[in-house]
Amino acid sequence: MTRELPYIAAMNEALHLEMARDEDVLLFGQTVGEDHYETFPRDFGTDRVRVTPISETAEIGMAAGAALAGKRPVVDCTMAEFLLVAMDQVVNEANRIHQMTGGRLTAPLVLKAGYGFTAGWAGQHTGALYGMFMGVPGLKVALPSTPADAKGLLATAIRDDNPVLFLHHYLLLLETGPVPEGEHLVPFGVADIKRPGSDVTLVATGWTVHRALAAAETLAAEGIDVEVIDPRTIAPLDVDTVLASVARTGRLVLVDQATRHASVSTVIAGEVAEHGFSLLRAPIVQVTALDATVAYAQPMEEYVLPDEAKIAAAVRQVTGAKAGVA
């Protein structure tokens, strides 16, 4: 059974169910005393739900130590940019423990943070920084685009025996969608085909999945059948599903809110170019943010970021080959 839930409620439901299932799951963060977490201290006590000082290095370091001691901490880091303050612990400490101890130790730690607040928040809170984490050994990265995936990926992240970076888009928090009741797990490294199609493969991440689906509907009215794929996790990355789709469509458009040269789309383009070049009937096209800081002014913000019109134009570009030379 499913019912409609906002994205933020789906995440909280996953966390609540996992804390009820396993007493080793803890919740840390500077904002865990706010309204949307109000039931957690009541239901699990202040020993397991800790409001931390305003120090990302302290809260992530505390969580890493708790993970090594056998706990499963979830740290609400608020904004992805705040992770930058504690980069050593994120990319050079907890993520390396399992390998450096020959598998004898694990660090089951979830770092939960919002990103991409493109609603007039200017340069320092609008970034899509996930690309810089996807190649870090020992660190998994989840980017849910729907409430159901948010619930399922967070539960899977909490049960993982090593660090997971769980990134949720701020502009999706109040979006509603069908969410399964009870336990719901979404496996890592398994992309989801959000919309089947036969003419073009369109791969999008996070917030851009919804822009891609909207563009696909517009293009359908023009007779262009677009398949939309959401990787859901970028580490591990499901390249096989993308290649299988390109084998059917012969065309690939990649959409990413990150800047072009720090994007997931660039990595996927490289994988398809290496492993599926002979499948392509047109050049790969990427629709990303420009290599620029997001401005405060709305027209400048819109100029920098991908949107439905830019995506549709890219699809028309690759299908121009369909009418001409394919």
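For the sequence shown, UniProt numbering begins at 1 and goes up steadily by one.
Idealized CB from N, CA, C, for every residue including glycine.
What's the gap between the Cα of residue i and the Cα of residue j?
i           : j    : result
V25         : A10  : 17 Å
E13         : A20  : 11 Å
D307        : F28  : 35 Å
S278        : V190 : 24 Å
G45         : G65  : 20 Å
R96         : L15  : 25 Å
V203        : L68  : 37 Å
L153        : E302 : 30 Å
L174        : D35  : 15 Å
R316        : Q30  : 46 Å
L185        : D47  : 27 Å
V304        : A313 : 16 Å
L129        : D22  : 31 Å
M1          : V91  : 39 Å
V49         : F40  : 7 Å
A214        : I268 : 22 Å
A295        : G120 : 8 Å
G270        : V32  : 40 Å
G223        : K194 : 19 Å
H275        : H210 : 28 Å
G102        : K140 : 19 Å
E181        : D238 : 26 Å
M300        : D192 : 32 Å
residue 336 : I8   : The structure shown does not extend to residue 336, since the chain is modelled only from 1 through 326, so no value can be given for it.
Could you tell me which of the options sits nearest to residue i, measuring between CA atoms?
i    : options                : result
V285 : E56, W207, V200        : V200
G206 : A155, T288, L17        : T288
T156 : L5, A313, R72, A63     : R72
P108 : G152, T233, D230, V74  : V74
D76  : L243, Y37, N95         : Y37
I54  : T78, R96, E175, A69    : T78
R232 : R316, A142, A216, D291 : A142
F133 : P299, V264, A309       : V264
D230 : E181, D240, E222       : D240
T266 : P236, A220, G131, E181 : G131
G135 : T293, P236, A216       : P236
T319 : A216, M300, G276       : A216
Within the 8 Å Cβ cut-off, does residue i reach chain D?
i    : result
G189 : Judged by its chain identifiers, the structure shown contains no chain D, having just a single protein chain.
What's the call for residue i, buried or exposed, on a 16-neighbour Cβ count within 10 Å?
i           : result
E18         : buried
A326        : Residue placement at A326 is flagged as unreliable, the pLDDT there being 38, under the threshold of 50; the coordinate-derived value follows with that caveat. It counts as exposed.
residue 330 : The structure shown has nothing for residue 330, since the chain only spans 1 to 326.
P144        : buried
I234        : buried
D149        : buried
Q257        : buried
P283        : exposed
R42         : exposed
A323        : At A323, the pLDDT of 40 sits below 50, so the modelled position is not reliable and the matter cannot be decided from this model.
residue 328 : This structure gives no information on residue 328, because the portion of the chain shown stretches from 1 to 326.
A297        : exposed
Near residue i, which residues of its chain fall below 8 Å by C-beta distance, leaving aside the five closest residues on each side in sequence?
i    : result
T249 : G197, S198, D199, V200, T201, E227
H98  : L105, T106, A107, G138, D161, N162
A220 : V226
F117 : M79, H125, T126, Y170, L171
T218 : E308, A312
G70  : D24
Counting only the same chain and skipping the five closest in sequence on each side, list residues whose C-beta sits under 7 Å from that of residue i.
i    : result
E93  : A64
V272 : V242, L243, V246, L252, I284
P187 : T156
Q124 : E81
K151 : A10, M11, E13, A14, V179, H184
T176 : E4, L5, P6, P147
A158 : With the sequence shown as reference, residue 158 is identified as Ile, and Ala is not the correct amino acid for it. Excluding residues within five positions, the ones whose Cβ falls inside 7 Å are E18, V25, R72, V74, V110.
T293 : G123
What residues in its chain sit with their C-beta under 6 Å from that of residue i, if we drop five residues either side in the sequence?
i    : result
L5   : P147, V179
E56  : F82, V85, A86
V255 : A204, T208, A212, V287, P306, I311
G61  : Q89
A122 : Y296
M100 : none
Could you tell me whether the region 160–177 touches the region 108–122, where touching means 3 or more Cβ pairs closer than 8 Å? yes
Check whether the region 288–301 touches the region 260–276, counting contact only when three or more Cβ pairs, one atom from each stretch, lie closer than 8 Å. yes
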